[in-house]
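**Q** Can you read through this structure? Questions will come right after.
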Amino acid sequence: MESLSAVLPITGIVLLISIFLVPMELGSLVMFVTGAVMLILGMGFFQLGAEMAMTPIGEGIGVQISKTRKVLMILLMGFVMGAIITISEPDLQVLAQQVPSVPNRVLILTVAVGVGIFLALAILRIKFQIDLSKLLIVLYLLLIGVSFLVPKEFLAVAFDSGGVTTGPMTVPFIMAMGIGLASRRTDRNSANDSFGLVALSSIGPILAVLILGCFYRPTEAAYSLGDVAEVVTTRDVVRVFGASIPAYAREVLVSLFPIVLVFLIFQLFTRRYHRRQLKRIAVGLVYTYAGLVLFLCGVNVGFAPVGSFLGQELASLMFNWILIPIGMLIGYYIVKAEPAIQVLNHQVENVTDGAVSVKAMNRCMSLGVAISVGLAMMRVLTGLPIQWIILPGYLIALVLSRFVPKIFVGIAFDSGGVASGPMTSTFLLPLSIGTCQALGGNLMTDAFGVVALVALTPLIAIQIMGIVYQVKTSDMQKKALQNAAYLDDCDEIIDLEVFHGES
141 MESLSAVLPI TGIVLLISIF LVPMELGSLV MFVTGAVMLI LGMGFFQLGA
191 EMAMTPIGEG IGVQISKTRK VLMILLMGFV MGAIITISEP DLQVLAQQVP
241 SVPNRVLILT VAVGVGIFLA LAILRIKFQI DLSKLLIVLY LLLIGVSFLV
291 PKEFLAVAFD SGGVTTGPMT VPFIMAMGIG LASRRTDRNS ANDSFGLVAL
341 SSIGPILAVL ILGCFYRPTE AAYSLGDVAE VVTTRDVVRV FGASIPAYAR
391 EVLVSLFPIV LVFLIFQLFT RRYHRRQLKR IAVGLVYTYA GLVLFLCGVN
441 VGFAPVGSFL GQELASLMFN WILIPIGMLI GYYIVKAEPA IQVLNHQVEN
491 VTDGAVSVKA MNRCMSLGVA ISVGLAMMRV LTGLPIQWII LPGYLIALVL
541 SRFVPKIFVG IAFDSGGVAS GPMTSTFLLP LSIGTCQALG GNLMTDAFGV
591 VALVALTPLI AIQIMGIVYQ VKTSDMQKKA LQNAAYLDDC DEIIDLEVFH
641 GES
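Below, the structure written as structure tokens:
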């Protein structure tokens, strides 16, 4: 039901656009709808698999790391886990193929090293109770400083890489690891510190790719937009999707293999899980595998080509400014279809004991991403440099982090990385690139950056929600104190009346 309610709105929007603004061939529409059905099934299986397998594995490893007293061992385990999970992330493979002048393997390894180093740093932060807000301020100021030293063509790609690395494979694992690390502590800040691992892990790849930009000089994007497959009959639809499934099955198998291997080694040395838990985790891994195969096939074969087609056609309209409100509408609903978002939202609700509900998180994330996509479309239409939005945006987010409850800082910066998942990289990015190509703009400076913007605005939106939550909580506390004082006064009056009556 969650998957259906997440995918149905974005499907309806595209269908309405195809009726009133950009007519689509019936075959293309059938491909899109088939992709939507695969998305719904894939998300359902994936979320179930993440709950049954990825979360307990991550929590178990987090608890084990927290027991380790040697700092070097903690750093080594954090680095290895971060690098392995990043290399297995499907979104990173997609981005690597789109970046010119940098070999795929070089970019993937650079990003993996960045995530590994910063995941180790994040684990140390939880263990030694370092303030997340202060650490984020220092690291983002470092990022802003380095951004002035690299070619402008590389900025958008660098910030995009920070978003795509925290996708459906890494987020459930890393978030669960944070909860496992914090669960060993008994102080009142343990719940607050369970968040923040994804936030810090998102900084590593941005910094690594910015440094990489000092050695490479990309001038134009080598990205070719895929056309919607031509189909005439229902058999053609089945043939196209059936031909694509084996490739994604291999891709997801390669992605899951390192995590399964780490789990087996971990179980061999610690014997943490008993037989029933092992069976549950095994079934969960099968669900995760099936869900990701269906999801990636549906989104890449059915959704991505339609995204690029819509971008090109809408940009060709006389009133192409309509891309901004349409982009905002798509952004509002598309974030709900990100598989890792639902994992984050449920973990937030569990850790905060329902104080921050799934519904509130969804609404806040949707508003943030709607603004992001609107800004991305405005950039494509006007050629506005990304640093004019990114730098002030991060400065606002960092200033807010000093005034909101600590738990909201971790949730907000985690949500930024989680929001920019496969739906963003395979629908919104092609939409942006299709628009840019139709307008004859520079892909590297104008089209890329949509993932970075999607990762930015939730940082501000969630922290504003934190301020509202803080104000409401303080008002409730004041009312509770006033009511308590009023009841005390009533008790005193009653006591006095009883005393005078007895007299």
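Everything in the sequence shown is counted per this note's numbering, starting at 141 for the first residue and increasing by one. Cβ coordinates follow ideal geometry from the N, Cα and C atoms, glycine included. Quantities reported herein were computed from a predicted structural model and do not represent experimental measurements.
1. Under 8 Å, do residue 463 and residue 521 count as touching if we go by C-beta distance?
2. Residue 575 and residue 494 - do their beta-carbons sit closer together than 8 Å?
3. Would you call the segment 210-217 and the segment 492-512 touching, i.e. three or more CB-CB distances under 8 Å?
4. Between the Cα of residue 383 and the Cα atoms of 369, 252, 394 and 395, which residue gives the shortest distance?
5. Can you have a look at residue 225 and say buried or exposed, based on whether 16 or more other CB atoms are within 10 angstroms of its CB?
6. Considering only C-alpha positions, which residue in the set 161, 151 and 405 is nearest to residue 179?
7. Report all residues from its chain with a CB closer than 6 Å to the CB of residue 121; omit the five preceding and five following residues, and keep chain order.
8. Would you mind listing the alpha helix (DSSP H) stretches within the segment 434-458 that are 4+ residues and don't spill past its ends, in chain order?
9. Suppose contacts are defined by Cβ-Cβ distances below 8 Å. Is residue 587 in contact with residue 573 by that definition?
10. Would you tell me roughly how many angstroms separate the C-alpha atoms of residue 482 and residue 293, rounded to the nearest one?
11. Could you tell me which of 378, 184 and 353 sits nearest to residue 250, measuring between CA atoms?
12. Tell me whether residue 622 is buried or exposed, calling it buried when 16 or more other Cβ atoms sit within 10 Å of its Cβ.
13. At what residues does the alpha helix (DSSP H) containing residue 486 begin and finish?
14. Give the DSSP-derived three-state secondary structure of residue 536 in the structure shown.
15. Roughly how many angstroms separate the alpha carbons of residue 416 and residue 195, rounded to a whole number?
16. What alpha helix (DSSP H) runs, 4 residues minimum, are completely inside the segment 252-314?
17. Exposed or buried, which one is residue 661 when buried takes at least 16 other CB atoms within 10 Å?
18. By alpha-carbon positions, which one of 167, 523 and 510 ends up nearest to residue 594?
19. Are residue 182 and residue 435 close, meaning C-beta to C-beta below 8 Å?
20. For residue 205 and residue 163, what's the separation of their Cα atoms in angstroms?
21. Helix, strand or coil for residue 587 per DSSP?
22. Between the Cα of residue 336 and the Cα atoms of 439, 289, 270 and 418, which residue gives the shortest distance?
23. Going straight from the alpha carbon of residue 362 to that of residue 448, what length do you get?
24. Hey, quick one: how far does the alpha helix (DSSP H) through residue 646 stretch, first residue to last?
25. Can you tell me whether residue 279 is buried or exposed? The criterion is at least 16 other CB atoms within 10 Å of its CB, across all chains shown.
26. Could you check the C-alpha separation between residue 272 and residue 282 for me, to the nearest Å?
27. If you drop the 5 nearest sequence neighbours on each side, which residues of the same chain put their C-beta closer than 6 Å to that of residue 344?
28. Helix, strand or coil for residue 551, going by three-state DSSP, please let me know.
**A** Let me spell this out:
1. Going by C-beta atoms, residue 463 is nearer than 8 Å to residue 521.
2. Result no, Cβ atoms of residue 494 and residue 575 do not sit closer than 8 Å.
3. Touching, no.
4. Residue 369 is the option with its Cα nearest to residue 383.
5. By the neighbour-count criterion, in which 16 or more other beta carbons inside 10 Å mark a residue as buried, residue 225 falls on the buried side.
6. For residue 179, the closest of 161, 151 and 405 by C-alpha to C-alpha distance is 151.
7. Given that the chain is displayed from residue 141 to residue 643, the structure contains no residue 121 and the question cannot be resolved.
8. Scanning the segment 434-458 from its first residue to its last, the whole alpha helix (DSSP H) runs of 4-plus residues come out as 444-455.
9. A Cβ-Cβ contact shorter than 8 Å links residue 587 with residue 573.
10. C-alpha separation (whole angstroms): 33 Å.
11. 353 is the residue among 378, 184 and 353 whose C-alpha sits nearest the C-alpha of residue 250.
12. So residue 622 counts as exposed.
13. 479-491 is the span of the alpha helix (DSSP H), which, as asked, contains residue 486.
14. In the three-state reduction of the DSSP assignment, residue 536 falls in the helix class.
15. Roughly 16 Å separates the two Cα atoms.
16. If we require 4 residues or more, the alpha helix (DSSP H) runs fully inside the segment 252-314 come out as 272-287 and 292-304.
17. Look at the range of the chain in this structure, 141 to 643, and you will see that residue 661 is not part of it.
18. Minimum Cα-Cα distance from residue 594 among the listed residues 167, 523 and 510 corresponds to 510.
19. Yes, Cβ-Cβ distance for residue 182 and residue 435 is below 8 Å.
20. Cα to Cα, residue 205 sits roughly 55 Å from residue 163.
21. Looking at residue 587 - three-state DSSP - the assignment turns out to be helix.
22. Residue 270 is the option with its Cα nearest to residue 336.
23. Since pLDDT at residue 362 reaches only 49, below the 50 mark, its modelled position is unreliable, and no value is offered.
24. Past the boundaries of the shown model lies residue 646; the chain is included only from 141 to 643, so the question cannot be answered.
25. Classification of residue 279: buried, given that the 10 Å Cβ count is 16 or more.
26. Distance between the alpha carbons of residue 272 and residue 282: 15 Å.
27. Excluding its 5 nearest sequence neighbours in each direction, residue 344 has C-beta neighbours in its own chain below 6 Å: 254, 255, 257 and 258, listed in chain order.
28. Per DSSP, reduced to three states, the secondary structure at residue 551 is helical.
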